[in-house]
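With our numbering, the residue at position 224 of the sequence shown is 604, and numbering never jumps. Glycine residues also receive a C-beta, built at the ideal position from the N, C-alpha and C atoms. Right, one structure below, let's go through it.
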Amino acid sequence: MSDARKDTIDFGFEEVRTADKQERVRQVFDSVARDYDRMNDAMSAGLHRVWKDMAITKLNPQPGERLLDVAGGTGDIARRFVRAADKVRRRRGGAPARAVICDINDEMLLAGIDPRKDSGLDLTRVCGNAEALPFGDAQFDAVTIAYGIRNVTDRRAALREFHRVLKPGGRLGVLEFTTPPEPLIRKAYDAYSFAVIPRLGGAIAGDRDSYRYLVESIRRFPKQDQFAQMMRDAGFAGANWTDYSAGVTAFHTGWKIA
381 MSDARKDTID
391 FGFEEVRTAD
401 KQERVRQVFD
411 SVARDYDRMN
421 DAMSAGLHRV
431 WKDMAITKLN
441 PQPGERLLDV
451 AGGTGDIARR
461 FVRAADKVRR
471 RRGGAPARAV
481 ICDINDEMLL
491 AGIDPRKDSG
501 LDLTRVCGNA
511 EALPFGDAQF
521 DAVTIAYGIR
531 NVTDRRAALR
541 EFHRVLKPGG
551 RLGVLEFTTP
561 PEPLIRKAYD
571 AYSFAVIPRL
581 GGAIAGDRDS
591 YRYLVESIRR
601 FPKQDQFAQM
611 MRDAGFAGAN
621 WTDYSAGVTA
631 FHTGWKIA
């Protein structure tokens, strides 16, 4: 069943009306946008940068490709993609890569603008909903979403949209916090997440509650094999995942064959 057809849906550990989740999530990211990068560094001890680098290496950007980065307000993934493709272009030639950063939250898009980091890169920013992307069919060589899919109300609809806007032969990469499969690691991760991350949110961003929601939303997200099956149901071939840092986060990939 599509998530949008249910009367209620998870908002962290809270059950809310399905129609209300999108606005509740928007309020969270309006609150945390200004300090989002600093909080990511504090929460992960900088590991989120390593995970993003590993994901881009696996995605293998090429000259001339066009990326759609959904929920990509910070621009982290889009910049990495274009720069990686340009390294290949300097060796082999070809056209520069391009990236469209799409985020439902305009505060996140604004917070992600950095003229120094963006210099020399072909980046476009668009405010749009992952469940109804404002792009035509078969427009992109790759679609990514990093640490955003768990905040989408109807994940199945979003996956279908990702498939729709990809060109045949295009690939999807989903980087998301997940559930470590090893019980001892999972227990330690839970203890750290619930005891430390909301406190960091209070100290750095002045918003403990939003970061408690973000921790809770990870626990409600489907496990790796379940999400891979959702990708297959949306039409992606070869859907699989790679665990990073013992399964604290995972990178899911899949291909649009036709």
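{"query": "Of all the options Asn485, Gly581 and Asp605, which has the alpha carbon lying nearest to the alpha carbon of Ser424?", "result": "Gly581"}
{"query": "Compute the Euclidean distance between the alpha carbons of Ala583 and Lys603, then round it to the nearest angstrom.", "result": "30 Å"}
{"query": "Please tell me whether Leu448 and Arg551 are closer than 9 Å, where the distance is taken between their beta carbons.", "result": "no"}
{"query": "So, at 7 Å on beta carbons, what are the nonlocal neighbours of Pro560 in its own chain, with the 5 sequence-adjacent residues on each side left out?", "result": "Arg566, Tyr569, Ala626, Gly627 and Val628"}
{"query": "Could you tell me the distance, in whole angstroms, from the CA atom of Ala575 to the CA atom of Val468?", "result": "43 Å"}
{"query": "Could you tell me whether the segment 500-518 touches the segment 532-541, where touching means 3 or more Cβ pairs closer than 8 Å?", "result": "yes"}
{"query": "Please go through the same chain and pick out, in chain order, the residues whose beta-carbon is closer than 7 Å to the beta-carbon of Asn420, but skip the five residues on each side of it.", "result": "His428"}
{"query": "Ordered along the chain, which non-local residues of its own chain (more than five positions away) have a Cβ less than 7 Å from that of Asp390?", "result": "Arg600"}
{"query": "What does a CB cutoff of less than 7 Å around Asp486 pick up in its chain, not counting 5 residues either side in sequence?", "result": "Cys507"}
{"query": "Give me the DSSP bridge partner(s) of Gly618.", "result": "Gly618 pairs with nothing; no bridge assigned."}
{"query": "What do you reckon, are the CB atoms on Ala458 and Leu501 nearer than 9 Å?", "result": "yes"}
{"query": "According to the Cβ coordinates, are Leu489 and Gly453 closer than 9 Å?", "result": "yes"}
{"query": "Going by other Cβ atoms of all chains shown within 10 Å of its Cβ, with 16 needed for buried, is Thr633 buried or exposed?", "result": "buried"}
{"query": "Which runs of the alpha helix (DSSP H), 4 residues or longer, sit entirely within the segment 503-542?", "result": "none"}
{"query": "Residue ranges of each beta strand (DSSP E) run of no fewer than 3 residues wholly in the segment 573-629, ordered along the chain?", "result": "617-624"}
{"query": "Which residues bound the beta strand (DSSP E) around Ile481?", "result": "Arg478 to Asp483"}
{"query": "Are the CB atoms of Arg414 and Ala491 nearer to each other than 9 Å?", "result": "yes"}
{"query": "Which two residues bound the contiguous beta strand (DSSP E) that contains Asp449?", "result": "Arg446 to Val450"}
{"query": "For Ile598 versus Leu555, is the C-beta distance shorter than 9 Å?", "result": "no"}
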